[in-house]
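The block underneath contains the structure these notes are about, expressed in structure tokens.
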Amino acid sequence: MTTRESTQELVGRGNREGAALFRDWFAELDEAGRNGGQSAYVFVMGSINEVLKTFDLPVVFPEINSLQTAVRRVAHEYLETAEDHGYSPDICGYVKADIGMQLRGGQHPMGQMPTPSMSVLTNACNTYIKWAEIWERMYDTPTFTIDIPGTRQAGGQTWRGDADFEADRRYVEVQLSELITLCEEVTGKNFDIDKFRQVLGYANTMSRSWKRILDLNRSKPSLFNALTDGTIFLGVANGFRGTEAGARYFERLVEEMEYRAAHGIGQAIEEQYRLLFVGVPCYPIFRRFNELFTDWGGSFVNSTYLWFASGGTNSGFEYDLTDPLASLAEGVLINVRGAMDAMFHQNDVLEHMAKDFDVDGVIYHPIKSCRTVSTGLADGRRHLTEELGIPSLFIESDMMDRRVVSEAQMKNRIDAFFEGLASRRRQLADA
Amino acid sequence: MTLTATRVFDEWRDKSLDDALFECREMVESAEFETVRRWRDAGGKVAGHFQVYFPEEIIHAAGMLPFKVRGAALEPNHADSHFGSYLCSILKSSLELAMSDLVELDMFVSHPICDAARNLAAIWGRNFDYPCQILYLPQNPNSAGSVEYLRHEYDRMRRVTQEVADCEITDDDLRASIAVFNENRRLLRELYDVKRSTPWLVGAVDAYALVALAGMIPREEHNEMLATLLAEIRERTTKQEDRIRVVFEGAFCEQPPFDLIRMLGRTCYVVDDDFHIGMRWITEDVAVEGDPLENLAEAYTEHSSYSPVQHDLRKPKEKMLISRIRDAAADAAILAAAKMCEPGLEEQVTYTHALDAEGIAYFVSEFEENMSSFDQLEMQVETFVENLLFA
Chain A
0 MTTRESTQEL
10 VGRGNREGAA
20 LFRDWFAELD
30 EAGRNGGQSA
40 YVFVMGSINE
50 VLKTFDLPVV
60 FPEINSLQTA
70 VRRVAHEYLE
80 TAEDHGYSPD
90 ICGYVKADIG
100 MQLRGGQHPM
110 GQMPTPSMSV
120 LTNACNTYIK
130 WAEIWERMYD
140 TPTFTIDIPG
150 TRQAGGQTWR
160 GDADFEADRR
170 YVEVQLSELI
180 TLCEEVTGKN
190 FDIDKFRQVL
200 GYANTMSRSW
210 KRILDLNRSK
220 PSLFNALTDG
230 TIFLGVANGF
240 RGTEAGARYF
250 ERLVEEMEYR
260 AAHGIGQAIE
270 EQYRLLFVGV
280 PCYPIFRRFN
290 ELFTDWGGSF
300 VNSTYLWFAS
310 GGTNSGFEYD
320 LTDPLASLAE
330 GVLINVRGAM
340 DAMFHQNDVL
350 EHMAKDFDVD
360 GVIYHPIKSC
370 RTVSTGLADG
380 RRHLTEELGI
390 PSLFIESDMM
400 DRRVVSEAQM
410 KNRIDAFFEG
420 LASRRRQLAD
430 A
Chain B
0 MTLTATRVFD
10 EWRDKSLDDA
20 LFECREMVES
30 AEFETVRRWR
40 DAGGKVAGHF
50 QVYFPEEIIH
60 AAGMLPFKVR
70 GAALEPNHAD
80 SHFGSYLCSI
90 LKSSLELAMS
100 DLVELDMFVS
110 HPICDAARNL
120 AAIWGRNFDY
130 PCQILYLPQN
140 PNSAGSVEYL
150 RHEYDRMRRV
160 TQEVADCEIT
170 DDDLRASIAV
180 FNENRRLLRE
190 LYDVKRSTPW
200 LVGAVDAYAL
210 VALAGMIPRE
220 EHNEMLATLL
230 AEIRERTTKQ
240 EDRIRVVFEG
250 AFCEQPPFDL
260 IRMLGRTCYV
270 VDDDFHIGMR
280 WITEDVAVEG
290 DPLENLAEAY
300 TEHSSYSPVQ
310 HDLRKPKEKM
320 LISRIRDAAA
330 DAAILAAAKM
340 CEPGLEEQVT
350 YTHALDAEGI
360 AYFVSEFEEN
370 MSSFDQLEMQ
380 VETFVENLLF
390 A
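As they're listed, the protein sequences go chains A and B. First residue of the first sequence? That's 0 in numbering that gives the first Met the number 0, and the numbers climb one at a time after it. First residue of the second sequence? That's 0 in numbering that gives the first Met the number 0, and the numbers climb one at a time after it.
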């Protein structure tokens, strides 16, 4: 194959194949929804897909369903249904869009969603817990909380061999055993340890590849947009975790990114400014939101979103298949704790990202809907600015609710930010 | 080691009951937290712990003052710029207390009770040099591993506290502290018995102040005060009035303003509530014999109240609320939520649907700790009450 043919085949393949997998996934859910099939409702920060896929349970990610309604510009219809039911305008939009969908009998723009046979959640986001309580009451469905202790104080993480770490790991392992028992009850299937090892093996491939892909974006120019392309990758990383299709996809994505890095093939724009994104994207105007930056040659080379919304699998942690359950407990603990650190203690993360990815600025996008991600950003930004002196922009809007998204105001601030970056660059060049 | 010699709140002593209760209200309502300053002036150390529940026995056993960080009715002039929009007030006012030096701490502990509060330790830690810790109370108390895990977590907190206090905390120290807190829990249960059985003997705002003081004075001192004043309260000859009996629900974290409770107390009998539920979280005596940390962990998971920020399959919140209403023979519920409080606002929906199904009347409202105008709210509550009284 010539270089030209390789380029045509490889560049953009991850996006094309990701979109195709997404359609397959929702077709599976639609079928389950129409035929009364089983499903597990799970969340992106610790889906525990490794256990659920061992039982062949289709997984529904309500966060992904909800953001899809925003991207497709119909979120307001679902939000209004939930608000009419009594939910406040001041709570998470993801929750409300999902509840709106449930109240509409599972009708979603991408198909008929199945009702949950069970739900599995972690404590990485407290709203997960409140959310699952709603399904519990709505469907009398079993809910399982995998409680994962996070970092107790900034910089105070413990690791294997430390008594505190082992206490946390044991707690997670006990809960995973209890989850397996629950899955057996719900599905009527026995736990198959060999299949479990196979699922963990696929998950290992995905974690290893995900880390490699993120690292490759240090390239100049960057290879993919962490905000837009990254969201496609995240969808596969979550929905297909622990599956052969997911492992194959990520291996091929690594192949694409390595090819692009080797041949200096960046994004479609001419990269002028390398940016980090902190927070959750503005899905109600997703494409336009990105253009507000790319119009200035700004490209997002990494984000905390790609860390926490992949459940911390960016760590590259690989399970020990000879001791699968204990190793899953360790991996889940490390990964989900890492996801939480990317939200609550993100300054260390950003400091490393800023150096490794040679960034020009940091974009903070706190949102009304998500206090988990947003509460600490103003303070974090103050300290990042004081300690590192990296230019940053702080813009508030929402991930779901277009009522609190002001595109014109956002554009004014983004334009001013880039003008400042340009001025700073000129001054440095003149100095 | 226990340090109990320092007394920080004498204003209530040698006064009539009404005057003593006035002093209690004044001390609680003030955003100065004078008792904490007095403790520090006497050389004591202070551990601030954010809502909802914290095993204060561990701090007490080190001879430190456990201080309940529960915000205040003040403007967050220093803290405001450290937060974004769309957040509850208690986060900002709590940080303000520390930033404005109204309260000086030697350590701070928060818990992942909600999405906003779980950020607090990190924010605090970026702004203060003393230890700012997260205590991970189990969010899966139904797991067989939760008590063992929590015992270890409490032991970790003991180690952190020892370093701050610069002293060893022995098991005997902890047992002695548990005994002090058992007495406190007994007295608080007694206070709530009075509220439920003879609410005309103790005003809503007085009962509130008596509970809140537990979070800002040494527990031995609080025990002495409660024992003295409870005896006098029982001796009162106040006559019962024709008022409806309500349960107030929604103050598990941010506290409603004093004047809101005062207004409710003028209109109805508040016969039960979740004001400062964390200080009444454990509902029975904690075993004194045996492993004290395991006993505390066991009590947290097995003998405890409920709130919207703890998920326990054995304690569906709406059923717990209905029990609270029935046990208090209440006529109605005030379903409140702090503004921008995600768990409180979400639980409100469940509560209203459950009370509808039970045919229990309720009044839904939001509050903020530093709101100052209650005219409209009072009118609404009076209308609600009249509808019930004259139905």
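Note that CB positions come from ideal geometry on N, CA and C, so glycine has one too.
**Report entry** Three-pair Cβ contact test at 8 angstroms for the region 93 to 100 of chain A versus the region 271 to 284 of chain B
**Finding:** no
Query raised in the report: How big is the Cα-Cα spacing for Ser-99 (chain B) and Phe-316 (chain A)?
Result: 43 angstroms
Query raised in the report: Are Ser-142 (chain B) and Asp-163 (chain A) closer than 9 angstroms when you measure CB to CB?
Result: no
Query raised in the report: Of the residues that make up the region 65 to 84 of chain B, which ones have a beta carbon closer than 8 angstroms to any beta carbon in chain A?
Result: Ser-80, His-81, Phe-82, Gly-83, Ser-84
Query raised in the report: Would you call the CB atoms of Gln-266 (chain A) and Leu-222 (chain A) closer than 9 angstroms?
Result: In this structure, Leu-222 (chain A) lies closer than 9 angstroms to Gln-266 (chain A) by Cβ.
**Report entry** Whole-Å CB distance - Pro-315 (chain B) paired with Pro-342 (chain B), under 8 angstroms assumed
**Finding:** Rounded, the Cβ-Cβ distance is 15 angstroms, inconsistent with contact.
Report task. Give me the Cα-Cα distance between Asn-294 (chain B) and Ala-206 (chain B), rounded to the nearest whole angstrom. Result -> 29 angstroms
Query - Option nearest Glu-283 (chain B) by Cα separation, candidates B:Ala-335, B:Met-224, B:His-302 - result: B:His-302
Query raised in the report: Which residues does DSSP pair with Met-106 (chain B) in a beta bridge?
Result: DSSP, once it has assigned bridges, lists B:Ala-46 as partnering Met-106 (chain B).
Query raised in the report: Between B:Ala-30, B:Ala-329, B:Ile-359, which lies nearest to Ser-196 (chain B) when the distance is taken from Cα to Cα?
Result: B:Ala-329
Query raised in the report: In terms of residue numbering, what span does the beta strand (DSSP E) encompassing Tyr-272 (chain A) cover?
Result: 272 to 278
Query - Sheet register partners of Ser-303 (chain B) (DSSP bridge) - result: B:Ile-281
Query raised in the report: Does the Cβ of Asp-161 (chain A) have 16 or more other Cβ atoms within 10 Å, making it buried, or fewer, making it exposed?
Result: Looking at its Cβ environment, which holds fewer than 16 other Cβ atoms inside 10 Å, Asp-161 (chain A) is exposed.
**Report entry** Buried or exposed by the 16-neighbour rule on C-beta atoms within 10 Å, applied to Asn-203 (chain A)
**Finding:** So Asn-203 (chain A) ends up on the buried side.
Query raised in the report: Quick one: is His-382 (chain A) near chain B, going by C-beta distance under 9 angstroms?
Result: yes
Requested in this report: Tell me Met-370 (chain B)'s beta-bridge partners as DSSP assigns them.
Outcome: Met-370 (chain B) pairs with nothing; no bridge assigned.
Report task. Kindly confirm or deny that the region 64 to 84 of chain B and the region 374 to 385 of chain B touch, where touching means at least three C-beta pairs closer than 8 angstroms. Result -> no
Requested in this report: On a CA-only basis, which of A:Pro-57, A:Asp-83, A:Arg-22, A:Tyr-201 is nearest Gln-67 (chain A)? Give me that one, please.
Outcome: A:Arg-22
**Report entry** Gln-174 (chain A): contacting residues in chain B (beta-carbon distance under 7 angstroms)
**Finding:** Neighbours of Gln-174 (chain A) on chain B, chain order: Asn-139, Ser-142, Gly-144.
Query raised in the report: Are the region 351 to 360 of chain A and the region 226 to 244 of chain A touching, with three or more C-beta to C-beta distances below 8 angstroms?
Result: no
Requested in this report: Identify the contact partners of Cys-131 (chain B) in chain A, using a Cβ-Cβ distance below 9 angstroms as the criterion.
Outcome: Gln-152, Ala-153
Query raised in the report: Less than 9 angstroms separating the beta-carbons of Pro-509 (chain A) and Ser-38 (chain A)?
Result: In this structure chain A extends from 0 to 430, so residue 509 (chain A) is not present and cannot be described.
Query raised in the report: Who are Tyr-268 (chain B)'s beta bridge partners in DSSP?
Result: B:Arg-244
Query raised in the report: What residue does the beta strand (DSSP E) around Val-300 (chain A) start on, and which one ends it?
Result: 297 to 302
Query raised in the report: Hey, is Cys-91 (chain A)'s beta-carbon within less than 9 angstroms of any beta-carbon in chain B?
Result: Interface annotation, Cys-91 (chain A): in contact with chain B, CB-CB separation under 9 angstroms.
Query raised in the report: Which residues, taken in chain order from the region 317 to 341 of chain B, show a beta carbon closer than 9 angstroms to some beta carbon of chain A?
Result: Glu-317, Ala-336, Lys-338, Met-339, Cys-340, Glu-341
Query - When A:Phe-299, A:Ala-261, A:Ser-206, A:Ile-192 are compared against Leu-324 (chain A), the one with the closest alpha-carbon - result: A:Ile-192
Query - Residue nearest to Thr-371 (chain A) in terms of C-alpha spacing, selected from B:Cys-252, B:Val-384, B:Ala-116 - result: Cα-wise, what sits closest to Thr-371 (chain A) is B:Ala-116.
Query raised in the report: Expressed to the nearest angstrom, what Euclidean distance is found between the alpha-carbon atoms of Leu-225 (chain B) and Ile-89 (chain B)?
Result: 27 angstroms
Report task. Check Thr-374 (chain A) in the structure and name its three-state DSSP category. Result -> Of the three classes helix, strand and coil, the one that applies to Thr-374 (chain A) here is coil, per DSSP.
Requested in this report: Establish whether the CB of Glu-132 (chain A) and some CB of chain B are separated by less than 9 angstroms.
Outcome: yes
**Report entry** Segment limits, beta strand (DSSP E) that includes Cys-131 (chain B)
**Finding:** 131 to 133
Query raised in the report: What residue range is occupied by the uninterrupted beta strand (DSSP E) comprising Ser-391 (chain A)?
Result: 391 to 393
Query raised in the report: Between Thr-34 (chain B) and Ile-216 (chain B), is the Cβ-Cβ spacing less than 9 angstroms?
Result: Cβ distance < 9 angstroms, so Thr-34 (chain B) and Ile-216 (chain B) count as in contact.
Query raised in the report: Is Gly-17 (chain A) closer than 9 angstroms to Ile-231 (chain A) when the C-beta atoms are compared?
Result: Yes. Within cutoff.
Query raised in the report: With 16 as the cutoff for other CB atoms within 10 Å, does Phe-389 (chain B) come out buried or exposed?
Result: Exposed, since its Cβ has fewer than 16 Cβ neighbours within 10 Å.
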